[in-house]
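Q: Pasting a structure here, questions to come.
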Amino acid sequence: MADLIITAPVKGWAAPLEEVPDLVFADRMMGDGVAIHPTGSTIHAPCDGTVIAIHAARHAVTLRSEEGAEILIHTGLDTVALGGEGFKALVTDGATVSRGDPLIEFDIDTVAQRARSLVTPVIITNADDFQIVKRTTGQMVGVGEALMTVKAIGAGQRIWVSDDAAVLSRSAIVPLVHGIHARPAARLGECARNFEAEVEIVKGDKRANVRSAVSLMGLGVKMGDQITIEGRGNDARAAIEAVGDLLTSGMGETGAETARSPEAIIASDVPEGTLAGVTASSGIAIGKTAWLAVASVAVDRDGKGIAEENSSLSAALSKVRQSIANASAKGNDAQRNILEAHLAFLDDADLLATAHKHVGEGRSAAFAWLSAIGDQIAILQNSGNARMAERSDDLKDLEQQVLLALTGGEAPIQNFAPDTILLAEDLLPSQIIALDLQNVKGIALAHGGPTSHVAILAASMNVPSLAAMGDALKSVAAGSMVVLDADAGLLHVNPDDCHMAAHRARLAQASEREADALKTAQNNCHSADGTRIEIFANLGSIQDARLASELGAEGSGLLRTEFLFMGRASAPDEDEQLTSYQGIADAMEGKPIIVRLLDIGGDKPAPYLNLGAEKNPVLGLRGIRVGLAHPELLESQIRAILRVQPLGQCRIMVPMIASLSELRPVQAVVEKVRTDLGITDAIKVGVMIETPAAAATADLIATEADFLSVGTNDLTQYALAMDRENPSVAGGIDALHPAVLRLIAQSCKGGAQHERQVGVCGGLASDPLGIPLLIGLGVTELSVTAAFVPKAKAMVRQLNIPACAKLAEQAMRLSSAADIRLLVRKFIEELN
Ligand code: PEP
Ligand code: MG
Numbered sequence: 007m008a009d010l011i012i013t014a015p016v017k018g019w020a021a022p023l024e025e026v027p028d029l030v031f032a033d034r035m036m037g038d039g040v041a042i043h044p045t046g047s048t049i050h051a052p053c054d055g056t057v058i059a060i061h062a063a064r065h066a067v068t069l070r071s072e073e074g075a076e077i078l079i080h081t082g083l084d085t086v087a088l089g090g091e092g093f094k095a096l097v098t099d100g101a102t103v104s105r106g107d108p109l110i111e112f113d114i115d116t117v118a119q120r121a122r123s124l125v126t127p128v129i130i131t132n133a134d135d136f137q138i139v140k141r142t143t144g145q146m147v148g149v150g151e152a153l154m155t156v157k158a159i160g161a162g163q164r165i166w167v168s169d170d171a172a173v174l175s176r177s178a179i180v181p182l183v184h185g186i187h188a189r190p191a192a193r194l195g196e197c198a199r200n201f202e203a204e205v206e207i208v209k210g211d212k213r214a215n216v217r218s219a220v221s222l223m224g225l226g227v228k229m230g231d232q233i234t235i236e237g238r239g240n241d242a243r244a245a246i247e248a249v250g251d252l253l254t255s256g257m258g259e260t261g262a263e264t265a266r267s268p269e270a271i272i273a274s275d276v277p278e279g280t281l282a283g284v285t286a287s288s289g290i291a292i293g294k295t296a297w298l299a300v301a302s303v304a305v306d307r308d309g310k311g312i313a314e315e316n317s318s319l320s321a322a323l324s325k326v327r328q329s330i331a332n333a334s335a336k337g338n339d340a341q342r343n344i345l346e347a348h349l350a351f352l353d354d355a356d357l358l359a360t361a362h363k364h365v366g367e368g369r370s371a372a373f374a375w376l377s378a379i380g381d382q383i384a385i386l387q388n389s390g391n392a393r394m395a396e397r398s399d400d401l402k403d404l405e406q407q408v409l410l411a412l413t414g415g416e417a418p419i420q421n422f423a424p425d426t427i428l429l430a431e432d433l434l435p436s437q438i439i440a441l442d443l444q445n446v447k448g449i450a451l452a453h454g455g456p457t458s459h460v461a462i463l464a465a466s467m468n469v470p471s472l473a474a475m476g477d478a479l480k481s482v483a484a485g486s487m488v489v490l491d492a493d494a495g496l497l498h499v500n501p502d503d504c505h506m507a508a509h510r511a512r513l514a515q516a517s518e519r520e521a522d523a524l525k526t527a528q529n530n531c532h533s534a535d536g537t538r539i540e541i542f543a544n545l546g547s548i549q550d551a552r553l554a555s556e557l558g559a560e561g562s563g564l565l566r567t568e569f570l571f572m573g574r575a576s577a578p579d580e581d582e583q584l585t586s587y588q589g590i591a592d593a594m595e596g597k598p599i600i601v602r603l604l605d606i607g608g609d610k611p612a613p614y615l616n617l618g619a620e621k622n623p624v625l626g627l628r629g630i631r632v633g634l635a636h637p638e639l640l641e642s643q644i645r646a647i648l649r650v651q652p653l654g655q656c657r658i659m660v661p662m663i664a665s666l667s668e669l670r671p672v673q674a675v676v677e678k679v680r681t682d683l684g685i686t687d688a689i690k691v692g693v694m695i696e697t698p699a700a701a702a703t704a705d706l707i708a709t710e711a712d713f714l715s716v717g718t719n720d721l722t723q724y725a726l727a728m729d730r731e732n733p734s735v736a737g738g739i740d741a742l743h744p745a746v747l748r749l750i751a752q753s754c755k756g757g758a759q760h761e762r763q764v765g766v767c768g769g770l771a772s773d774p775l776g777i778p779l780l781i782g783l784g785v786t787e788l789s790v791t792a793a794f795v796p797k798a799k800a801m802v803r804q805l806n807i808p809a810c811a812k813l814a815e816q817a818m819r820l821s822s823a824a825d826i827r828l829l830v831r832k833f834i835e836e837l838n
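Letter by letter, the sequence shown follows residues 7 to 838 in my numbering.
Shown next, in the form of structure tokens:
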């Protein structure tokens, strides 16, 4: 069947269905479709067909198209209650109509005054058999203009048993505007893992296991593609139904966001040759591709004598140690952390003992080194833990560097032309640190992942990067013109002129906005309607503090003190802590600093505390629970904080509390130390809202805490029961989930009841889509990453709090983070 075009039945503004303030429509309980805010007063037939039903109250009509699609047009919300007042039916049940024929007339003024809303959903009610593959939203539509394009799925095609009776299949047309890219791939995998059955998606002659996001992305499935979902095993039917339903639901990516502007052109029509990947470092870059040159080194198996080989190995190790130490001295914080880990690996006693053992057995130093480190790499890669497997990059890096030092080889020197987008199967940390950033503007990798060191380094160096692009990347020839849109997770290869112009316009707008934001970064921040919103920065070191100050941070909403306590044999004493905190306070030039008490345990280990192995460490002894179990540690930290000068610059924040009973003993220690030090001023002690328990009882906590600060990273982890460190659930962990927003709303309400300031220091404050919602909910202090301070200020200055409050209300009625992201994206687009 050819595609069926559904035209607008009434003139008006077309909007995504999820914006309808009625869950029956917004949650697609009636089916999928588009809503129109009418400016006309006659409902016309949206296609040729038969009138199946005209409601007795004359506000709603259902048609069946010649192809069998059933279309409901529901004029206004709760209009059934008008009992026909203001409506006139122009047709009767069973009438045959042509596209454009008038069906219902209504008195727009009467209905507008009497009904809850005039918004008119246009719904495909038999969504199991028909799927919307294209829709128009975010613009005016006239009667007869295309509103949706609908494709038949075909009832018989939906589930069938193939020749091989053990295999069940289901066909589907992909409604996702960006095709199956990282996020939907992760969600499909998550869904498939609920079943025992093996589930595969087949496109043409290619197939991929749904549990593997990377192979799924490698299929290159685009919007409108017809695919087959195959299941094998006991619960195959349920599995393919679930995966198919999730896919055809659109997962909030049905293109409703693709309304206008360069973004619209870019997103609504993903051109041939676009590859999907996972965002490793955000941003956009345009340029010509170059493939990374790879060194090839020949290695002899047998050595020239034990003494000679051992001494070559030692010399090579020293040379690499020196070169890492040099790079570390010149590097930024992220680089230093990673390079220091490399130095520790190079001194690993077991690794060195194994290498020397192989030399003792007559092997060459190079062969011995490869065997020893190869075993360690294999252990990490086979650990079954994706995060550990990503860490094997660090060992591969050392494998290469020592090998080159042993064989006298050099890493291939590659000269990059200006505006190069570097393509590689994988990139080692030392390779990215050494990159020529004058010329390399973006990176796309076949392997790697969003939490790898390469991703962290790329972000710290501000290089837009995509990872996990799969084998499809290999088809991109060197010298191809590409647009690397890391924000959208897409690499557009040889885009046509129209797309290229749109991307260039977007890039120019982004850099212009960035430059403007920098110009006003030092000024205090108020929203467009004059509300004071403090933009603070999260800090972990003195370097962060210097950068934050330079970029206009008005203070720090979170000083993470645990870095001082990690990676060492014993806790820092009071004086060492004082030196560190004082240095940071000085770098912040007197601006307020919220010092978080030690938040250790869970994913942040400190072996000297002997916390013991726990089955569920993130649910165990972490945050303030550790401080309360080690009172000496708690007191020495509080003493160090209260000794920072000038007095009052530092406030104290208690992490991870679940109830007031954990705050009170901390307040008692603060009082004791205050008295000991002869301080007469009151010390402000606030809490982090990171557990659902704290959010739900924020009104009680606010009676005794001086301020509240929402830690959205942990709050999301605990609200959604998804480990923030577990890559298998990475696709689902999103702080814009309505449950998290509702908890933040509760925290703001609780704080406001007792006139306590509510801030946010979790990652959501640094997410441009989070900011309007947070300030709409009543947050008045955002603590963001230092580099984001200018952008956060620029953004808040554009926002109007009442409009943001309305947006937040709307968002909390939606059912998924993806839908909320679409809603906010549209809101922001309309500001620009
Ligand atoms: C948070 O949980 O949001 C937070 C800011 O704390 P951390 O990320 O350090 O756990
Ligand atoms: Mg936290």
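Beta carbons: idealized from backbone N, C-alpha and C, even for Gly.
(1) DSSP three-state label for G765, please.
(2) Who does I60 pair with in a DSSP beta bridge?
(3) Can you tell me whether P22 is buried or exposed? The criterion is at least 16 other CB atoms within 10 Å of its CB, across all chains shown.
(4) Helix, strand or coil for L182 per DSSP?
(5) How far does the alpha helix (DSSP H) with S753 in it extend, from its first residue to its last?
(6) How about the segment 282-299 and the segment 488-497: do they share at least three Cβ pairs that are nearer than 8 Å?
(7) In terms of residues, what are the limits of the beta strand (DSSP E) holding L428?
(8) Could you give the DSSP three-state label for T280: helix, strand or coil?
(9) Based on DSSP bridge pairs, tell me the residues matched to K294.
(10) Residue range of the beta strand (DSSP E) that R566 falls in?
(11) State the start and end residues of the unbroken beta strand (DSSP E) segment that holds Q232.
(12) With 16 as the cutoff for other CB atoms within 10 Å, does T285 come out buried or exposed?
(13) Any idea what DSSP makes of Q387, helix, strand or coil?
(14) Looking only at its own chain, which residues have a Cβ that is under 8 Å from the Cβ of M818, when we skip the five neighbours before and after it?
(15) Here's a check: name, in chain order, each residue in its chain whose Cβ is nearer than 6 Å to the Cβ of D403, leaving out the five neighbours to either side.
(16) Could you tell me whether any non-hydrogen atom of the ligand MG is closer than 6 Å to the CB of N719?
(17) Figure out for me which residue from R342, V660, I658 and V679 has the closest Cα to the Cα of S642.
(18) Enumerate in chain order the residues of its own chain whose CB-to-CB distance from G309 is below 7 Å, with the five nearest sequence positions on each side excluded.
(19) Contact between the segment 691-698 and the segment 707-726: three or more CB pairs below 8 Å?
(20) Does DSSP put M705 in a helix, in a strand, or in coil?
(21) Tell me R176's beta-bridge partners as DSSP assigns them.
(22) Can you tell me the Cα-Cα spacing of L386 and S398, whole angstroms?
(23) In terms of residue numbering, what span does the beta strand (DSSP E) encompassing P364 cover?
(24) If you run the structure through DSSP and keep just helix, strand and coil, what is V632?
(25) Residues bridged to Q137 by DSSP?
(26) I need the straight-line Cα distance from E540 to D705, nearest angstrom please.
(27) How many angstroms separate the CA atom of N838 from the CA atom of C504?
(28) Within its chain, find whatever has a CB closer than 6 Å to the CB of S377; leave out the 5 residues flanking it on each side and keep chain order.
(29) What number of angstroms, rounded off, separates the C-alpha of G210 from the C-alpha of V303?
(30) Tell me where the alpha helix (DSSP H) around E556 begins and ends.
(31) Take every Cβ of the segment 579-596, pair it with every Cβ of the segment 626-640, and state whether three or more of those distances are shorter than 8 Å.
(32) Going by DSSP in three states, L513 sits in which element: helix, strand or coil?
(33) Is the segment 754-768 touching the segment 711-720, taking contact as three or more C-beta pairs under 8 Å?
(34) Using three-state DSSP, classify C521 as helix, strand or coil.
(35) Starting from A450, follow its DSSP beta bridges and name the residues at the other end.
(36) Quick one, are the C-beta atoms of L565 and A792 less than 7 Å apart?
A: The short version:
(1) Reduced to three states, the DSSP call for G765 is strand.
(2) Partner(s): V67.
(3) Note on P22: 16 or more other CB atoms within 10 angstroms of its CB, so buried under the neighbour-count rule.
(4) It is coil, neither helix nor strand.
(5) Start and end: P744 to Q759.
(6) Contact between the segment 282-299 and the segment 488-497 is present, because at least three Cβ pairs lie under 8 Å.
(7) For L428, the enclosing beta strand (DSSP E) starts and ends at T426 to A430.
(8) DSSP, read as helix, strand or coil, puts T280 in strand.
(9) Per the DSSP secondary-structure output, K294 pairs in a beta bridge with T426 and M487.
(10) Counting along the chain, the beta strand (DSSP E) containing R566 begins and ends at S562 to R566.
(11) Element bounds for Q232: Q232 to R238.
(12) Buried, since its Cβ has 16 or more Cβ neighbours within 10 Å.
(13) Residue state, collapsed to three classes: helix.
(14) Excluding residues within five positions, the ones whose Cβ falls inside 8 Å are P744, L747, R748 and A751.
(15) Excluding positions up to five away in sequence, the list reads L434, P435 and S436.
(16) Result yes, Cβ under 6 Å from the ligand MG.
(17) Ranking the options by Cα distance to S642, first place goes to V679.
(18) Cβ neighbours of G309 beyond the five flanking positions: E315, V365, G368, R369, S370 and A371.
(19) As far as the Cβ criterion goes, the segment 691-698 touches the segment 707-726, which means the pair count is three or higher.
(20) Here the sequence assigns Asp to residue 705, which means Met is not the residue at that position. Three-state DSSP puts D705 in a helix.
(21) Looking at the DSSP assignment, R176 forms a beta bridge with I235.
(22) The straight-line gap from Cα to Cα measures roughly 6 Å.
(23) Here the sequence assigns His to residue 364, which means Pro is not the residue at that position. Segment A355 to G366 is the alpha helix (DSSP H) holding H364; no beta strand (DSSP E) there.
(24) Helix, per DSSP.
(25) Per DSSP, the beta-bridge partners of Q137 are K157.
(26) Between E540 and D705, the C-alpha separation is close to 22 Å.
(27) Approximately 21 Å, taken between the alpha carbons.
(28) Closer than 6 Å at the Cβ level, and outside the excluded window around S377, lie H364.
(29) Using only the alpha carbons, I get a separation of about 40 Å.
(30) For E556, the enclosing alpha helix (DSSP H) covers residues I548 to E556.
(31) Segment contact: the segment 579-596 against the segment 626-640, fewer than three CB-CB distances shorter than 8 Å; contact not assigned.
(32) The three-state secondary structure of L513, taken from DSSP, is helix.
(33) Yes, the segment 754-768 touches the segment 711-720.
(34) One point to set straight first is that residue 521 is Ala, not Cys, in the sequence displayed. The three-state reading of DSSP puts A521 in helix, counting H, G and I together.
(35) Per DSSP, the beta-bridge partners of A450 are L429 and L472.
(36) It is not a contact, given that the beta carbons lie outside the stated cut-off.
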